[in-house]
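Taken in order, the sequence shown gives residues 8 to 288; the numbers are from the numbering used here.
In this text, a Cβ means the ideal position worked out from N, Cα and C, and glycines have one as well.
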Amino acid sequence: MYSREFQLQLQPEYFENSREEGIDYYMRQWSEASKLDYKTLPYFKSIREEHKVEDMSACGSNDVIRQRIYLTGDWEGLVTVDIKTKGPLTLEEAESEPFSPSELYAPISEEQIEQDIFPCEADFAGDTRVFLNEVQSFKTCSDIDAFFPKAVSKSDTEVETIKQFGYVYTASRNGTYLEGWIKLDVTLVYETLEDAMSDSNLVNGEFSFTVISEGNNFSDEQTKMGIEIYDSMLTSIGSHEEEYPCGSVSIEEFFDSSDNSSATILSSCLFLVPLVIMFLL
8 MYSREFQLQL
18 QPEYFENSRE
28 EGIDYYMRQW
38 SEASKLDYKT
48 LPYFKSIREE
58 HKVEDMSACG
68 SNDVIRQRIY
78 LTGDWEGLVT
88 VDIKTKGPLT
98 LEEAESEPFS
108 PSELYAPISE
118 EQIEQDIFPC
128 EADFAGDTRV
138 FLNEVQSFKT
148 CSDIDAFFPK
158 AVSKSDTEVE
168 TIKQFGYVYT
178 ASRNGTYLEG
188 WIKLDVTLVY
198 ETLEDAMSDS
208 NLVNGEFSFT
218 VISEGNNFSD
228 EQTKMGIEIY
238 DSMLTSIGSH
248 EEEYPCGSVS
258 IEEFFDSSDN
268 SSATILSSCL
278 FLVPLVIMFL
288 L
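So, in structure tokens, the structure goes:
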């Protein structure tokens, strides 16, 4: 699977009255630019916490293990485990990441190459995600090897798992768009679970729309509309504490046609529960 995620840091003033009002505002802005009514797309909400193994150097890897635990809402009970690139890569580097899942987890996993797009820069990352219903313990390199054997060396060397700050409220809409899939996400960070449940003391957040290609290439229309929608939203709303336009840098420069033709994307899950895959960040 190949994806392009266009990201904007949320402007806090749109969430002063309530998060639903803020979420609706960003979704409406996307709809106006895309000409697709966001209310026609299924809506899913949940709250999650996140844990990371950020230093895997002892296992022979410079990448990151990320475990997301969904605590409430539509995805309560779901657990995802990712291995993801640390730091920006080129497309070719991302395609070369040794992130194939183990035979045990291959049927419930997804491999993708994603392009992360910000107002003034873009880069690629490799990412493989496993979908589970139990929290996993990552204490040694062998624990990681059980999921991603090509990415690490198997040993009893210990690693440290760190809980990330706060709790994340997620609101997503997903469906078909321009011969592929579209995913709209609002993620809101709160310091405590109680704050996340009651919509109190919002810390920060992000809106993103992700264009997903069913094949190995994006169509010209997908590329064109992605650029137009992103430019429209950056111009009308902006991205918190980020400048736009970006001087001599344009969004069009992020999409070299040679990137599309060279992309080789694997999907070990055979689009297993395809909507579940799209619903999650």
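| Check | Outcome |
| --- | --- |
| Residue range of the beta strand (DSSP E) that residue 215 falls in? | 209-220 |
| If distances are taken between C-alpha atoms only, which option among 171, 256, 252 and 61 comes closest to residue 165? | 61 |
| Helix, strand or coil for residue 46? Go by DSSP, reduced to three states. | helix |
| Measure the CB-CB distance between residue 157 and residue 114 and report whether it falls below 8 Å. | no |
| With 16 other CB atoms within 10 Å as the buried threshold, where does residue 136 fall? | buried |
| With H, G and I counted as helix, E and B as strand and the rest as coil, what does DSSP make of residue 206? | coil |
| Measure the CB-CB distance between residue 101 and residue 133 and report whether it falls below 8 Å. | yes |
| Whole angstroms is fine: what's the gap from residue 51's alpha carbon to residue 126's? | 27 Å |
| Is there contact between the stretch 183-200 and the stretch 213-227, where contact requires at least three CB pairs shorter than 8 Å? | yes |
| Any heavy atom of the ligand MG inside 7 Å of the beta-carbon of residue 137? | For the structure depicted, the ligand MG is absent and the ligand set is empty, with no information on it obtainable. |
| Please identify the residue among 110, 159, 182 and 246 whose C-alpha is closest to the C-alpha of residue 14. | 246 |
| Measure the C-alpha to C-alpha separation of residue 64 and residue 169 and round it to an integer number of angstroms. | 15 Å |
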